[in-house]
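**Q**
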Amino acid sequence: MSVGFIGAGQLAHALVKGFTAAGVIAANRITASSPDTDLPTVSGLRKMGINFTTSNKEAAHKSDVLFLAVKPHIIPFVLDEIGPDIEDRHLIVSCAAGVTISSIEKKLLQYRAAPKVMRCMTNTPVVVREGATVYATGSHAEVEEDLIDAVTGLSGSGPAYAFTALDALADGGVKMGLPRRLAVRLGAQALLGAAKMLLDSEQHPGQLKDNVCSPGGATIHALHFLESGGFRSLLINAVEASCIRTRELQFLADQEKISPAAIKKTTLDKVLQQPGVSSTSVATKSRVNLFNNRTGVKK
Amino acid sequence: MSVGFIGAGQLAHALVKGFTAAGVIATHRITASSPDTDLPTVIGLRKMGAYFTTSNKETVNKSDVLFLAVKPHIIPFVLDEIGPDIEDRHLIVSCAAGVTISSIEKKLLQYRPAPKVIRCMTNTPVVVREGATVYATGSHAEVEDGKLLEQLMGSVGYCTEVEEDLIDAVTGLSGSGPAYAFLAVDALADGGVKMGLPRRLAVRLGAQALLGAAKMLLESEQHPGQLKDNVASPGGATIHALHVMESGGFRSLLINAVEASCIRTRELQHLADQEKISPAAIKKTTLDKVLQQPGATAAGVGVRTGLNLFNSSTSKHKKN
Chain R
1 MSVGFIGAGQ LAHALVKGFT AAGVIAANRI TASSPDTDLP TVSGLRKMGI
51 NFTTSNKEAA HKSDVLFLAV KPHIIPFVLD EIGPDIEDRH LIVSCAAGVT
101 ISSIEKKLLQ YRAAPKVMRC MTNTPVVVRE GATVYATGSH AEVEEDLIDA
151 VTGLSGSGPA YAFTALDALA DGGVKMGLPR RLAVRLGAQA LLGAAKMLLD
201 SEQHPGQLKD NVCSPGGATI HALHFLESGG FRSLLINAVE ASCIRTRELQ
251 FLADQEKISP AAIKKTTLDK VLQQPGVSST SVATKSRVNL FNNRTGVKK
Chain U
1001 MSVGFIGAGQ LAHALVKGFT AAGVIATHRI TASSPDTDLP TVIGLRKMGA
1051 YFTTSNKETV NKSDVLFLAV KPHIIPFVLD EIGPDIEDRH LIVSCAAGVT
1101 ISSIEKKLLQ YRPAPKVIRC MTNTPVVVRE GATVYATGSH AEVEDGKLLE
1151 QLMGSVGYCT EVEEDLIDAV TGLSGSGPAY AFLAVDALAD GGVKMGLPRR
1201 LAVRLGAQAL LGAAKMLLES EQHPGQLKDN VASPGGATIH ALHVMESGGF
1251 RSLLINAVEA SCIRTRELQH LADQEKISPA AIKKTTLDKV LQQPGATAAG
1301 VGVRTGLNLF NSSTSKHKKN
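Which chain is which? The protein sequence lines are R and U, in order. Per this note's numbering, the first sequence starts with residue 1, numbered consecutively. Per this note's numbering, the second sequence starts with residue 1001, numbered consecutively.
1) Interface residues of chain R around phenylalanine 1250/U at Cβ under 9 Å?
2) Is it a yes or a no for the region 1138 to 1154 of chain U touching the region 1192 to 1210 of chain U, going by three-plus beta-carbon pairs under 8 Å?
3) If you run the structure through DSSP and keep just helix, strand and coil, what is histidine 140/R?
4) Can you list the beta strand (DSSP E) stretches of 3 or more residues lying completely in the region 1034 to 1091 of chain U, in chain order?
5) Let me know the beta strand (DSSP E) ranges lying completely inside the region 1087 to 1146 of chain U, each 3 residues or longer, listed in chain order.
6) Would you tell me roughly how many angstroms separate the C-alpha atoms of methionine 118/R and serine 94/R, rounded to the nearest one?
7) Let me make sure I understand the geometry here. Which of Gly1225/U, Ile1239/U, Glu1259/U has the alpha-carbon closest to that of glycine 156/R?
8) Taking DSSP as the reference, what is the three-state secondary structure of isoleucine 6/R?
9) Which same chain residues end up closer than 7 Å to threonine 20/R when comparing Cβ atoms and leaving out the 5 residues on each side of it in sequence?
10) Could you tell me whether the Cβ atoms of glycine 1249/U and glycine 229/R are closer together than 8 Å?
11) Is threonine 152/R near threonine 246/R, with beta carbons less than 8 Å apart?
12) What residues are listed by DSSP as bridge partners for threonine 31/R?
13) Could you list the residues in the region 1197 to 1216 of chain U with a C-beta less than 9 Å from some C-beta on chain R, going in chain order?
14) Among residues of its own chain, excluding the 5 on either side of lysine 116/R, which ones have a beta-carbon nearer than 6 Å to its beta-carbon?
15) Leucine 223/R to alanine 160/R, Cα distance in whole Å?
16) With a CB to CB cut of under 7 Å and the five nearest residues on each side skipped, what residues in its chain are close to glutamate 105/R?
17) Could you give the first and the last residue of the continuous beta strand (DSSP E) run that contains glutamate 1161/U?
18) May I have the straight-line CA-CA distance separating histidine 13/R from leucine 169/R, to the nearest angstrom?
19) Relative to the C-alpha of serine 2/R, which candidate in Lys17/R, Gly18/R, Ala32/R, Ala22/R has its C-alpha closest?
20) From what residue to what residue does the alpha helix (DSSP H) around cysteine 1262/U run?
21) Use the C-beta contact count for threonine 37/R: other C-beta atoms within 10 angstroms, 16 or more gives buried, fewer gives exposed.
22) DSSP state of tyrosine 135/R, grouped into three classes?
23) Could you tell me whether the Cβ atoms of glutamate 1105/U and glycine 1138/U are closer together than 8 Å?
24) Any idea what DSSP makes of methionine 1001/U, helix, strand or coil?
25) Could you check where the beta strand (DSSP E) with serine 94/R kicks off and where it finishes?
26) If contact means a Cβ-Cβ distance below 9 Å, which residues of the region 1171 to 1183 of chain U contact chain R?
27) So the candidates are Leu166/R, Val174/R, Ala188/R, Asn123/R; which of them puts its Cα closest to the Cα of leucine 15/R?
28) How big is the Cα-Cα spacing for glycine 177/R and aspartate 167/R?
29) Considering only residues of the same chain and omitting the five flanking positions on each side of leucine 39/R, which have a CB-CB separation below 7 Å?
30) Pull up the CB-CB distance for glycine 1044/U and proline 1072/U, whole angstroms please, since I reckon it's below 8 Å.
31) Return the residues of the region 1041 to 1053 of chain U that lie within a Cβ-Cβ distance of less than 7 Å from chain R, sorted by chain order.
32) Run through chain U and tell me which residues come within less than 7 Å of phenylalanine 225/R, C-beta to C-beta.
33) Should methionine 1216/U be labelled buried (16 or more other beta-carbon atoms within 10 Å of its own) or exposed?
34) Out of Ala1184/U, Asp1186/U, Phe1052/U, which has the shortest C-alpha to C-alpha gap to arginine 1029/U?
35) Have a look at leucine 226/R and proline 1040/U and give me their C-alpha separation to the nearest angstrom.
36) What is the DSSP secondary structure of alanine 1032/U, reduced to helix, strand or coil?
Pasting the structure below:
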């Protein structure tokens, strides 16, 4: 089995690193593609021993499982490019926030009768093999597809909330006299340990919190500050904001309003230089028709 | 080597669970004591195969490494009780927030010329072997004693030696830290449930996201801010969420929390140093149970108060 990644950015890099560390697939059976070779993650991917190419079509040809690891607004563009190259064997796994299975199927149905599409939402800690992933297949689902936007808000964006918290906790430690490295280390270890306790326990997080708070002690004094400042509410707001934005992105994508401005001109040029790609097959819809009807170079 | 715990509450339970899971010591070589047998953790300790007793003196006699796992205001009380039983072999490890090495040594010097004392601050995730522990060694503790503790505590998580004056700050950060995390996961789960997720899945995903992020940071040379940047794609969902957090002063709340916990720890230390242990701080039933232990006399348990609760003659205790 071969795995391919359309896109060679943070997500592709994190997944390849995790998969190879887990030994679930050999590096030489992985291909990743991007027209942009300047991405910092490209050298990381090469170092891991996978096949890197600037041709998305080549990634499609070399794969059985094909991850779409590009930003949501790029998805329709990519689907039009590789659509003709999808075979029966291909399993398309989209990792793009807010992009529905039906929108992907709709595009691919122009090229194949029964495209196999899955949608997943994962997160960057896959890079250390501690990711959180949900997926939906449309017909049979680990989660119902309509929950995936909420998952994006929670565990998709979650690591960023944690990194912000860790930066702040370390600041607190430094304020009270700890050296920075030790403060970062202790803060991360405390979060990791607490999360593991929760995952390994049947108990409610509130119960576990109670267990740490001895009467009149240091911890309950600290918790009062957090509550007074609306700490919990900020986190609920964050999950909500990320989920809402995900749904907005989905809405924009469904309207297929991909303006050419959303795709860097340099990237577009590079894609058009790939063998087999013609400007008519890369159907960028806009009010201004940037492509003439003849092949090759755009205006 | 045998390990004993004065105190059979949350901390003793968590450490025993972690040590036995790590296989660093056999359960039959562990003793824990408390006059209070009603603690829910006592059942857990028994189930793990540790030897439980109501006599603190028995624990001392059976141990080489002796953890003081009681609340800070109980420490002086306990030290007076077990002081006469401490031998040269004993390594006393105090886990009590805010209690200084010098205050412990001062008490024990009444009984021994060179008591070996180490002060440590750990946290409850030792129970799943992902604790965060720091320690400082007293004047009579040898290098090997520190290494021994580091081996024990290193089996249940991260452990490093620090200067004693940093330990209150560590209490505020990683001592109390798990509580901040439990609060955060509860709130994240509420957010997930608000947006339509079932509760169990929301708790699971929230905890997993925190765990994974913390692990990424520990295994990376990069700054947390850089790792945050890597997750926040332009115009995406995450940066929208981060904005609402920043608008609410999220970071500041966490700095406040670490500071508040550290300050309270220092307060507790100050109160303890003044040796203002009122009898009200010790439940009468507990006091009675201690005095019933063989070998414990009212005079040996030196509870100082404004009123002299104990007459000068032997064990029969009076109440005021």
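For every residue, glycine included, the Cβ atom is placed at its ideal position computed from N, Cα and C.
**A** Based on what the coordinates show:
1) Tyr161, Thr164, Ala165, Ala168, Gly229, Phe231, Leu234, Leu235, Ala238
2) no
3) Bear in mind that a pLDDT of 42 at histidine 140/R, under 50, signals an unreliable position, so the number given afterwards is only what the model happens to contain. Note: histidine 140/R maps to coil in three-state DSSP.
4) 1051 to 1053, 1065 to 1068
5) 1091 to 1094, 1116 to 1121, 1131 to 1137
6) 6 Å
7) Ile1239/U
8) strand
9) Ala27, Met48
10) yes
11) yes
12) Gly4/R, Asn51/R
13) Leu1197, Pro1198, Leu1201, Ala1202, Val1203, Arg1204, Leu1205, Gly1206, Ala1207, Gln1208, Ala1209, Leu1210, Leu1211, Gly1212, Ala1213, Ala1214, Lys1215, Met1216
14) Leu91
15) 22 Å
16) Pro115, Val117
17) 1157 to 1161
18) 28 Å
19) Ala32/R
20) 1250 to 1273
21) exposed
22) strand
23) yes
24) coil
25) 91 to 94
26) Thr1171, Gly1172, Leu1173, Ser1174, Gly1175, Ser1176, Gly1177, Pro1178, Ala1179, Tyr1180, Ala1181, Phe1182, Leu1183
27) Asn123/R
28) 15 Å
29) Ala8, Gly9
30) Not a contact, Cβ separation roughly 23 Å.
31) none
32) Leu1253, Asn1256, Ala1257, Ala1260
33) buried
34) Phe1052/U
35) 28 Å
36) strand
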